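Colleague:
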Amino acid sequence: MFPTRDTSTLAGPLVTVSDHSTAMIRSAARRLLDLRLPLIVDRAVEQTVRDEPTYSGGPVSRDDLRYHMDRTMRLALTRLVGDDIPDTLRSAALDVGRIRAHQNVPLSSVLHAFRIDLKTLWEALIAEGHDVDAGTRADFLERSSLMVWEAVEANTEDVVAGYQVARGNREEMRSAAFEQLLLDGDHQQSTVENAARMLGLPATGHYVCLVGKFPIPRPELVAESTDRLDAGGRTSYFNWFAKELRGIVHVTGGSTDVVDDLAPLGEHVCAVVDADGLADVPKAIRLARMTVHGRAHSGVARARDNWLHAVTAANDEVSNALHDAVFRPLAALTDHERNGILETVGDLVAHGGTTADIAARTYRHRNTVRKRLQDFTALTGFDVSDTVDLATTAIAFTVESARSDDPPRR
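In this note's numbering, the protein residues as written are -4 to 405.
#1: By the DSSP assignment, the beta strand (DSSP E) with Asn99 in it spans what residues?
#2: Assign Ser231 to one of three DSSP states: helix, strand, or coil.
#3: How far does the alpha helix (DSSP H) with Gly180 in it reach, from first residue to last?
#4: Going by DSSP, what residue range makes up the beta strand (DSSP E) through Glu239?
#5: Classify His201 as helix, strand or coil using the three-state DSSP reduction.
#6: Spatial neighbours of Gly294 within its chain, please: CB distance less than 6 Å, with the 5 preceding and 5 following residues excluded, ordered by chain position.
#7: I'd like the span of the beta strand (DSSP E) that includes Asp378, first residue to last.
#8: Using the C-alpha atoms, what's the distance from His346 back to His362?
#9: Which residues does DSSP list as the beta-bridge partners of Gly207?
#10: Per DSSP, Val417 is paired with what?
#11: May I have the straight-line CA-CA distance separating Cys265 from Arg284, to the nearest angstrom?
#12: Identify the residues that DSSP records as bridge partners of Ala270: which are they?
#13: DSSP three-state label for Arg359, please.
#14: Confirm, please, whether the CB-CB distance from Ala291 to Ala389 is below 7 Å.
#15: Let me check understanding here. Comparing Cα to Cα, which of Gly77, Ala161 and Leu84 lies closest to Asn99?
#16: Roughly how many angstroms separate the alpha carbons of Ala122 and Arg85, rounded to a whole number?
#17: When you compare the CB positions of Leu224 and Asp256, do they come within less than 7 Å of one another, or not?
#18: May I ask you to report which of helix, strand or coil DSSP gives Gly294?
#19: Under 8 Å by Cβ, that's how I've got Arg61 and Val36 pegged, so tell me the actual separation to the nearest angstrom.
#20: Among Thr83, Glu41 and Asp153, whose alpha-carbon lies nearest the alpha-carbon of Ile111?
#21: Going by other Cβ atoms of all chains shown within 10 Å of its Cβ, with 16 needed for buried, is Arg241 buried or exposed?
#22: Closest to Arg25 by C-alpha separation, out of Asn334, Tyr50, Gly77 and Ser51, would be which residue?
#23: Using CA atoms only, rank isn't needed, just tell me which of Val340, Arg69, Ala156 and Asp352 is closest to Leu30.
#24: Quick check: the Cα distance between Gly200 and Leu32, rounded to an integer number of angstroms?
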């Protein structure tokens, strides 16, 4: 057998220093857990209230903050000590995440509070090990910072998981309440009350309801609009369904015009309708949807300025029949003849006025305008000087506009 070299004298001191530092850290952590935890928690609470505005005047009371900080600090110290985590503490950080999500505390604020935990806990551990000898101190500092970070990071992962699950569940519940409101809120008071509770909105008051046509969801545009509404003190809720955006805005005060705040959504076809209380929202959303489906031009517009679009979208079969009655007789004309008649009649439908007005707007001679209007009547049977025939023609032109215009920009 070959002689072996004894390396214990080389490896031993490194292992000994390392193990000794770890033992000292665990011992210091146990003293903090058993004797000094209330003081550490008080210090962390004061620091959090001072440095994080959400905790100084928001939905989290000082007692609430202190109770859950005690539990999460206790959990972190238990991890540091190396003890088995008791069942009563195992979900402490997860619970905080769920609770803060339900309290609408921003996740960034929750994580800031946990960073304060990390700093406070490490400072307390360093103070507890102030009498560590010089030979061990460097390793003690390095290892303690790593061990504290790992303990608090484990808590942080749990709090984020709890927050995200709760936020997802809460958003699902809010979405379900909103869907139910649209289904039967106009005749079920219990549905209205549940929606008000889940959405955090009053059952009564003035609302502006929006429907938008979005081939591709654009949440960043909704976020920009929400920021504008929030800045004006207006509470809102938006919801995606297939290729449609639905939203409601609670408006207080004298001004009810929120179209400017919704301008970021103007890249798409959007319509807004006023509603008197949440019970009136389902009807307003239906009307806004019909208006959107009857329009082709992008932009946020009020339904009251686009009644023809709502009418054309309300019944496709009737609208298409009206369109055929007006436009099919023109199909036999040459493109030049057809375009000339459509120019003149379209201008009348859009702007009204006399023959002279139409001639001035379209840069045509009055006799040309008169002849085109006469030709239109002769071909279609609709006399645009008659109110009923003009209304029918206007509906047909609205359908034509929706068919022929480019789709909204994505």
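By construction, the Cβ of each residue, glycine as well, lies at the ideal position given by its N, Cα and C atoms.
In this text the structure is predicted, and so the values were computed from the model without any measurement.
Modeller: The short version:
#1: Per DSSP, Asn99 belongs to no beta strand (DSSP E) and is neither H nor E.
#2: strand
#3: First-last for Gly180: undefined, no H or E at that position.
#4: Glu239 to Val246
#5: strand
#6: Gly261
#7: Segment: none, Asp378 is in no beta strand (DSSP E) and carries neither H nor E.
#8: Checking the sequence, you will find Asn at residue 362 rather than His. Cα-Cα distance, rounded: 19 Å.
#9: Leu240 and Cys265
#10: Residue 417 is absent from the model: the chain starts at -4 and stops at 405.
#11: 9 Å
#12: Tyr202
#13: coil
#14: no
#15: Ala161
#16: 27 Å
#17: yes
#18: strand
#19: 6 Å
#20: Glu41
#21: buried
#22: Gly77
#23: Arg69
#24: 49 Å
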